[in-house]
Amino acid sequence: MIRVEVTDEEVAAALSRIAARLTDLTPLMQDLGEALVNSTEDRFPEGRAPDGTPWAPKSQATIDAYRRREGKTANARVDFRPLFGPSGRLSSEIHWQAGPNSVEIGSSLIYAAVDQFGAAKGQFGTTSKGSPIPWGDIPARPFLGISEGDRSALTLIIEGYLSGANGGD
84 MIRVEVTDEE VAAALSRIAA RLTDLTPLMQ DLGEALVNST EDRFPEGRAP DGTPWAPKSQ
144 ATIDAYRRRE GKTANARVDF RPLFGPSGRL SSEIHWQAGP NSVEIGSSLI YAAVDQFGAA
204 KGQFGTTSKG SPIPWGDIPA RPFLGISEGD RSALTLIIEG YLSGANGGD
């Protein structure tokens with residue numbers, strides 16, 4: 084067995100800082116979450132998944148449904164971009180939640196999972212009038228995930244965090 088005893092105060096302080104930072108990674112996870120939310124929001128106007136593939140366009144049936152409702156709402160306007168509905172909430176309600184060893188990003192909107200993964204016509208049953216829910220097939224339009232650019236940005240954030248643990252703030 085080899086035992087190393089550190090008696091140098093400066094080295095001991097650096098090791099203590101590293102140990103403290105590696106015990107609770109919440110600050111790092113918060114930075115990673117913020118970066119991922121920003122990146123996700125930035126992809127919305129482009130209409131692209133994290134892997135770079137374009138989202139499926141809105142179906143004509145969806146556009147027609149929006150147009151029918153347009154006349155019933157003041158200042159309503161049809162946005163033809165995928166995942167941009169009348170409220171515009173999905174692109175603006177993405178958030179992160181960090182813990183000591185993880186970070187999650189997502190949306191609490193009820194339809195976010197359907198937009199991310201897609202759904203088949205009738206997958207969620209029927210309305211009280213017997214209409215399928217959803218009323219048609221909805222293609223997956225992944226908006227959550229890590230792009231190649233995200234990988235580089237996250238790596239830089241992690242390296243900066245570890246550098247800061249060694250007094251390099």
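The numbering of the sequence shown is the working numbering, which starts it at 84 and goes up by one.
Cβ atoms here follow ideal geometry from the backbone N, Cα and C, with glycine treated the same way.
Only a predicted model underlies this, so the values are computations on that prediction, with no experimental measurement involved.
Q: Quick one: grab the DSSP three-state call for Glu187.
A: In the sequence shown, residue 187 corresponds to position 104, counting from 1. Of the three classes helix, strand and coil, the one that applies to Glu187 here is strand, per DSSP.
*Work out the CA separation of Ser214 and Ala157 for me, nearest whole Å.*
Your numbering for residue 157 matches position 74 in the sequence shown. Your numbering for residue 214 matches position 131 in the sequence shown. In this prediction, Ala157 has a pLDDT of 48, which is less than 50 and means its spatial position is unreliable; nothing more can be read from the coordinates.
Practice problem: Could you tell me which residues DSSP puts in a beta bridge with Asp221? | Solution: Here residue 221 refers to the residue found at position 138 of the sequence shown. One detail in the question is off: residue 221 reads as Ile in this sequence, not Asp. In DSSP, Ile221 forms a bridge with Ala202.
Going by the CB atoms, is the gap between Gly219 and Ala144 shorter than 8 Å?
Indexing the sequence shown from 1 puts residue 144 at position 61. Indexing the sequence shown from 1 puts residue 219 at position 136. Closer than 8 Å, so yes.
Arg131 in three-state terms, based on DSSP
The sequence position of residue 131 within the sequence shown is 48, counting from 1. Strand.
*Pull up the distance between the alpha-carbon of Gly251 and that of Leu237, whole angstroms please.*
By one-based count along the sequence shown, residue 251 stands at place 168. By one-based count along the sequence shown, residue 237 stands at place 154. At Gly251, the pLDDT of 49 sits below 50, so the modelled position is not reliable; the number obtained from the coordinates is stated separately. Rounded to whole angstroms, Gly251 to Leu237 spans 18 Å at the Cα level.
Practice task
May I have a chain-ordered list of the alpha helix (DSSP H) segments no shorter than 4 residues that lie completely inside the stretch 99 to 130?
Solution key: 109 to 126
**Report entry** Helix, strand or coil at Ala181 according to DSSP, with G and I counted as helix
**Finding:** The residue you call residue 181 lines up with position 98 of the sequence shown. Correct three-state label for Ala181: strand.
Using CA atoms only, rank isn't needed, just tell me which of Asn121, Arg150 and Met112 is closest to Asp233. The residue labelled residue 233 in the question sits at position 150 within the sequence shown. Checked all of Asn121, Arg150 and Met112; the closest Cα to Asp233 is Asn121.
Exercise. Is the stretch 94 to 112 touching the stretch 125 to 138 in the sense that three or more CB pairs, one from each, lie closer than 8 Å?
Worked result: no
Taking all protein chains shown into account, decide if Asp107 is buried (16 or more other Cβ within 10 angstroms of its Cβ) or exposed.
Reading the sequence shown from its first residue, position 24 is the one you call residue 107. The residue in question, Asp107, is exposed, as its Cβ has fewer than 16 Cβ neighbours within 10 Å.
Margin query: By alpha-carbon positions, which one of Ser211, Gly228 and Thr210 ends up nearest to Ala196?
Written below: By 1-based counting over the sequence shown, the position of residue 196 is 113. If we check each option's Cα against that of Ala196, Gly228 comes out closest.
CA-to-CA distance, Met112 to Pro183, given in whole angstroms: Residue 183 sits at position 100 when you count from the first residue of the sequence shown. Residue 112 sits at position 29 when you count from the first residue of the sequence shown. Rounded to the nearest angstrom, the two C-alpha atoms are 7 Å apart.
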